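Asker:
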Amino acid sequence: MDHLANEAEIESLRPGRVIILPSSFQGSPRAMQQNYQDAMAIIRKYGKPDLFITFTCNPTWREIEEQLFPSQAPSDRPDLITRIFKLKLNELIDDIFKKHI
Numbered sequence: 752m753d754h755l756a757n758e759a760e761i762e763s764l765r766p767g768r769v770i771i772l773p774s775s776f777q778g779s780p781r782a783m784q785q786n787y788q789d790a791m792a793i794i795r796k797y798g799k800p801d802l803f804i805t806f807t808c809n810p811t812w813r814e815i816e817e818q819l820f821p822s823q824a825p826s827d828r829p830d831l832i833t834r835i836f837k838l839k840l841n842e843l844i845d846d847i848f849k850k851h852i
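FYI, in this note's numbering the residues of the sequence shown are 752 to 852.
1) Taking 8 angstroms as the cut-off, does the region 804-819 touch the region 829-841 (at least 3 CB pairs, one atom from each stretch)?
2) Which runs of the alpha helix (DSSP H) spanning at least 4 residues fall entirely within the region 779-824, listed in chain order?
3) Along the alpha helix (DSSP H) that carries Lys839, what are the first and last residues, could you check?
4) Taking just the CA atoms, how far does Asp845 sit from Ile852?
5) Is the CB of Glu760 under 7 angstroms away from at least one CB in chain D?
6) According to the Cβ coordinates, are Pro766 and Leu755 closer than 7 angstroms?
Pasting the structure below:
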């Protein structure tokens with residue numbers, strides 16, 4: 752990088768060029784600002800959240816192991832893992848909102 756800077760200085764040029772990253776580029780300042788503004792809009796509409804829940808998948812869940820062939824690992828069936836995760840997540844959401852647990 753120093754070589755480029757030195758060559759540019761000799762030629763009275765600016766090295767490189769300015770690139771503005773789009774908001775779709777995750778981690779860019781524009782993406783972070785857009786995510787923040789989206790979060791604020793959701794809070795304005797629905798209010799502050801009451802719960803912060805982390806829900807993870809366990810590949811040794813009985814429902815997963817029952818559907819695998821003897822030679823298969825859970826990582827061989829991402830479709831199965833996703834489906835069972837979604838079903839269990841829906842159960843959790845129903846418990847929270849419908850059963851008020």
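In this text, a Cβ means the ideal position worked out from N, Cα and C, and glycines have one as well. The structure displayed is predicted, hence computed values, not measured ones.
Answerer: Reading it off the structure:
1) yes
2) 780-797 and 813-818
3) Pro829 to Phe848
4) 9 angstroms
5) Absence of chain D from the displayed structure is noted, only one protein chain being present.
6) yes
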